[in-house]
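Accompanying notes for the structure given below.
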Amino acid sequence: MPRFLPARKDCGRVHAASLAGRFRRTKIFPTAKNVLGRAKQHHMPTVSYDSLSFFHDGARTGVRRFAIVGAALDPALMTADGWTGELARLRHAGFNTVVARVPWAIHEPTPDRFGFAGDRDLRRFVHEAGAAGLRVILRIGPCVGGTFAGGGMPGWIGGFAGDRLREASPAFMQRVTSFWRRLAREFVDLQATRNGGSTDRPIVAIGLEDHWHSLDAEVGAAYFGDLVRFAREFGVEVPLISANNCWYMHEGVVDTWCRESDDPAARMAELRQVQPDAPPMGFLSWDEDAQRLASRAIVRSDFVLEASGGRHRGATSARGLAERPARDLFDLRRALVFASSFGEVLAKLSADEVAARVEMRARSDGGVDFLGRDLALNGARLDRCTGDLLVVAGKPRGKIEITVDGSTATLTVPADGAAPKCVAVRRLRVVAVPFPLADGVGVAGDGFEFVDRDGNALVAVDAAGGVRRMKPAAAAKSTQRRAPKLGETTALAERASLDGSHARFAWISAPASLGAFGVAAQSAYYRARFKQAGKSKRLYALPSARKIDAALVIDGARHADGGAGVFEIASGGAHTVVAEVANDGLPAAGRAVGAPTGVFGPIVELAPLKGVKRDAVPQ
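Residue 680 in our numbering sits at position 519 of the sequence shown, with consecutive numbering throughout.
Here's what the structure looks like:
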């Protein structure tokens, strides 16, 4: 039985597709006469769902079903210049959707003072996600959960609504609608339901609430009724989802499962029973492994995985999560690429139909293989922009037989380290790769790229079936010493560090009034490490760090005020840099406390040592 990796289908119209076994002449995608129905040729696009999947009815593309293979990413917990790289990383690993929380406290830190610029530029984030080839789901709350204190709701809300929060009280809903009215300007025209222009319109769903638990059904009905009505009034046209573990379910809102489970098939079967008219969907934990992730694709459920790291922000409080690094996705690649690439085919099938044709086999090393029985793609079109591509995996030097439209071809899997070859089988281009190479599969443009565990590209296969081996980048020869680079920045979340009273750090005052406006930690310390080669005396600077309000601390000793000053290290080995970020652009008492501040940047070695003044700062 051949094991296989799927082809991507980002462009074009899929007329019919099949996977394995008894798929012959099975129409997979909707036509003008099927049960989903097609509107007239000129119509506004829609995004909707049924019991099997979400689907997009585009003005030019027609009805296309899609599976959500999502990654949770909080843009508010990253710097804006890091969004592009992280979105590209997620797409390359196989995700097709990014799910972003929109924390109210970050975007309205004081009443009626909104922030949607810089690191809070939500519109820019949506554009970048679309450019990376990702769909977008925005979770707009009012409570968004995650690592945000108070679920992302501003601390000042109690002054308006008292203890009647997250219910249909007039005072609370007045503040919610005020925020949503301003927020709507940032995204409503970027929904996939909008026509016109070349602008990316990747938003396919909007999320309401997070872990809303109440035993009073009347309270829930009134609250969710208001949320749905206000969202629609402000221009939300895509489906609405919630993350409540089915504690409370509202008509017109797709609820999701947000708890860990060792048996995804059982949980999704239960979700189908309580929500029979919507596709099952789960928010997965940080520790979800490849085998459980793959099983969700086989039982036909959409999923969202915590995969991205985040920095500390003023409204972040959950211990440990605030300084979480990005997750290594190498072991999940095959499951992710399979789920997203075959998502359009699987989305039309029931869980039983998928299980009858595709088998997941767990490996002892924690990985996963997919097996197709008598793989036949009769009359199929796996449409792409420039061609049809299928990648299959097998034992090195083994044989795989492929049948398409009655034509059979036998492929030889190359030996480990050898370049694979493309074989044309009717309208398909088929590339066979060995299992070890397949584990590093990644999405690259309209084709695939295979990488090793360190992220180095080994082989690229384009949509036309062209195979290219990647040569290791040659090390550039240079007579100059390389400037040391700072290690990963870590936020020190100890309370004594936040208020500046810790003995290790310089103290800085911050206006106490900020606490009344929901700012949990106006000042925060950041730490990074670097290594110095050799033991001779060296002079360094942090030219990219903007001015900060406290001293820069090197190995516990105070150095030049301003953070970007020059400092001297006299011994080799590892060193620690600590800096404080304060006044994060948040206004207090109606006026700005100070300009936004930054942390670190690349560390630069100043040479020659002679003639450099200690207080000089490179520009």
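In this text, a Cβ means the ideal position worked out from N, Cα and C, and glycines have one as well. All figures in this text were calculated on a predicted structure; none of them were measured in a lab.
message = Distance check for E766 and V778, CA to CA, integer angstroms please.
response = Indexing the sequence shown from 1 puts residue 778 at position 617. Indexing the sequence shown from 1 puts residue 766 at position 605. Because V778 carries a pLDDT of 35, less than 50, the predicted location of this residue cannot be relied on, and the following value inherits that uncertainty. Roughly 12 Å separates the two Cα atoms.
request  = For W418, write down the residues that DSSP places opposite it in a beta bridge.
outcome  = Stepping through the sequence shown from its first residue, residue 418 is reached at position 257. G443, per the DSSP bridge assignment.
inquiry  = For C419, tell me which candidate among F491, D371, E379, E394 has the shortest Cα-Cα distance.
reply    = On the sequence shown, residue 419 is found 258 positions in, with the first residue counted as 1. Of F491, D371, E379, E394, the residue nearest in Cα terms is D371.
DSSP three-state assignment for P597, whether helix, strand or coil = By one-based count along the sequence shown, residue 597 stands at place 436. Helix at P597.
ask   = Start and end of the alpha helix (DSSP H) containing Y384?
value = Position 223 of the sequence shown holds residue 384. From DSSP, the alpha helix (DSSP H) with Y384 extends over 378-394.
ask   = Going along the chain, which residues of its own chain have a beta-carbon closer than 8 Å to the beta-carbon of L401, five neighbours each way excluded?
value = As a working mapping, residue 401 is identified with position 240 in the sequence shown. Counting only Cβ-Cβ distances below 8 Å, and skipping sequence neighbours, we find A366, I367, G368, L369, V389, A392, G413, V414, V415.
query = When DSSP labels each residue in this structure, what does G291 get in the three-state scheme?
reply = For the purposes of this step, residue 291 is taken as residue 130 along the sequence shown, with counting starting at 1. Of the three classes helix, strand and coil, the one that applies to G291 here is helix, per DSSP.
ask   = From what residue to what residue does the alpha helix (DSSP H) around E247 run?
value = In the sequence shown, residue 247 corresponds to position 86, counting from 1. Segment 244-254, the alpha helix (DSSP H) holding E247.
key: CA nearest to the CA of R629, picked from A427, M521, A579   = Here residue 629 is taken as the residue at index 468 of the sequence shown, counted from 1. Among A427, M521, A579, the Cα nearest to that of R629 is on A579.
ask   = Taking L490 as the reference, which of E505, G471, L466, S511 has the closest Cα?
value = Counted from its first residue, the sequence shown places residue 490 at position 329. Out of E505, G471, L466, S511, L466 has the C-alpha closest to the C-alpha of L490.
message = Considering just the uninterrupted stretch of the beta strand (DSSP E) at M521, what are its terminal residues?
response = The residue labelled residue 521 in the question sits at position 360 within the sequence shown. Segment 519-523, the beta strand (DSSP E) holding M521.
key: CA-to-CA distance, M521 to M162, given in whole angstroms   = Start at 1 with the first residue of the sequence shown, and residue 162 comes out as number 1. Start at 1 with the first residue of the sequence shown, and residue 521 comes out as number 360. The predicted position of M162 is uncertain, since its pLDDT is 33 and thus under 50; a value taken from the coordinates is nonetheless stated next. Looking at the two C-alpha atoms, the distance is approximately 12 Å.
Three-state secondary structure assigned by DSSP to T240 = Counted from its first residue, the sequence shown places residue 240 at position 79. Three-state DSSP puts T240 in coil, outside helix and strand.
task = May I ask you to list the residues that DSSP assigns as paired with D218?
result = Working through the sequence shown from its first residue, we reach residue 218 at position 57. DSSP lists T207, V224 as partners of D218.
ask   = Tell me which same chain residues have a C-beta within less than 6 Å of the C-beta of T240, skipping the five on either side of it?
value = Within the sequence shown, the letter at position 79 stands for residue 240. The answer, listed in chain order, is D280.
message = If the criterion is Cβ atoms closer than 7 Å, does the pair G219 and T258 meet it?
response = Indexing the sequence shown from 1 puts residue 219 at position 58. Indexing the sequence shown from 1 puts residue 258 at position 97. Contact flag unset, no.
query = Between the beta-carbon of A570 and the beta-carbon of V592, is there less than 7 Å?
reply = For the purposes of this step, residue 570 is taken as residue 409 along the sequence shown, with counting starting at 1. For the purposes of this step, residue 592 is taken as residue 431 along the sequence shown, with counting starting at 1. Result no, Cβ atoms of A570 and V592 do not sit closer than 7 Å.
request  = Taking all protein chains shown into account, decide if D607 is buried (16 or more other Cβ within 10 angstroms of its Cβ) or exposed.
outcome  = On the sequence shown, position 446 is the one that residue 607 refers to. Looking at its Cβ environment, which holds 16 or more other Cβ atoms inside 10 Å, D607 is buried.
inquiry  = So the candidates are L295, F256, I301; which of them puts its Cα closest to the Cα of H268?
reply    = Along the sequence shown, read from residue 1 onward, the residue named residue 268 stands at position 107. That would be I301, whose Cα lies nearest to the Cα of H268.
request  = Given a cut-off of 7 Å, decide if V622 and H253 are closer than it, judged by their beta-carbon atoms.
outcome  = Against the sequence shown, residue 253 aligns to sequence position 92. Against the sequence shown, residue 622 aligns to sequence position 461. Not in contact: H253 and V622 (Cβ atoms no closer than 7 Å).
message = Please identify the residue among D716, A731, A689, R688 whose C-alpha is closest to the C-alpha of S697.
response = Locating residue 697 in the sequence shown gives position 536, where the first residue counts as 1. That would be A731, whose Cα lies nearest to the Cα of S697.
task = Return the first residue and the last residue of the beta strand (DSSP E) that E347 is part of.
result = The residue you call residue 347 lines up with position 186 of the sequence shown. Unbroken run through E347 is the alpha helix (DSSP H), 331-348; no beta strand (DSSP E).
inquiry  = With distance defined between alpha-carbon atoms, name the residue in D211, I229, G223, V739 nearest to D463.
reply    = What you label residue 463 is simply residue 302 of the sequence shown in a count that begins at 1. When only C-alpha atoms are compared, the closest one is I229.
inquiry  = Please identify the residue among V553, D492, F503, S501 whose C-alpha is closest to the C-alpha of D526.
reply    = Position 365 of the sequence shown holds residue 526. The shortest Cα separation from D526 among V553, D492, F503, S501 belongs to D492.
ask   = R284 by DSSP, collapsed to three states: which one?
value = The count along the sequence shown starts at 1 and reaches residue 284 at position 123. Reduced to three states, the DSSP call for R284 is helix.
Pair within 7 Å by beta-carbon distance, D387 and A345 = Counting from one through the sequence shown, the residue named residue 387 turns up at place 226. Counting from one through the sequence shown, the residue named residue 345 turns up at place 184. It is not a contact, given that the beta carbons lie outside the stated cut-off.
key: Among P581, R587, V574, L550, nearest to T564 - alpha-carbon criterion   = To locate residue 564, count along the sequence shown from 1; it is residue 403. Ranking the options by Cα distance to T564, first place goes to R587.
Reference D424; option with closest CA among Y409, M410, A278, D450 = Position 263 of the sequence shown, counted from the first residue, corresponds to residue 424. Out of Y409, M410, A278, D450, D450 has the C-alpha closest to the C-alpha of D424.
Nearest candidate by alpha-carbon position, reference R558, set G311, V552, V574, L551 = Along the sequence shown, one-based indexing puts residue 558 at 397. With distances taken between Cα atoms, R558 lies closest to V574.
inquiry  = Is the beta carbon of G443 closer than 7 Å to that of Y409?
reply    = Residue 409 sits at position 248 when you count from the first residue of the sequence shown. Residue 443 sits at position 282 when you count from the first residue of the sequence shown. No, Cβ-Cβ distance for Y409 and G443 is not below 7 Å.
ask   = Going by C-alpha distance, which of F395, P581, V263, R325 is nearest R590?
value = For the purposes of this step, residue 590 is taken as the residue at position 429 of the sequence shown. Here the closest residue by C-alpha is P581.
request  = My understanding is that D600 touches G528, with C-beta atoms under 8 Å, so please give their C-beta distance in whole angstroms.
outcome  = On the sequence shown, position 439 is the one that residue 600 refers to. On the sequence shown, position 367 is the one that residue 528 refers to. Yes, they are in contact, since the Cβ atoms of D600 and G528 sit about 6 Å apart, within 8 Å.
inquiry  = What does the Cβ neighbour count give for L299, buried or exposed, with the cut at 16 atoms within 10 Å?
reply    = Taking the sequence shown and counting its residues from 1, one reaches residue 299 at position 138. Buried: at least 16 other Cβ atoms inside 10 Å.
key: Simplified DSSP assignment, three categories, for V506   = Reading the sequence shown from its first residue, position 345 is the one you call residue 506. Three-state result, V506: helix.
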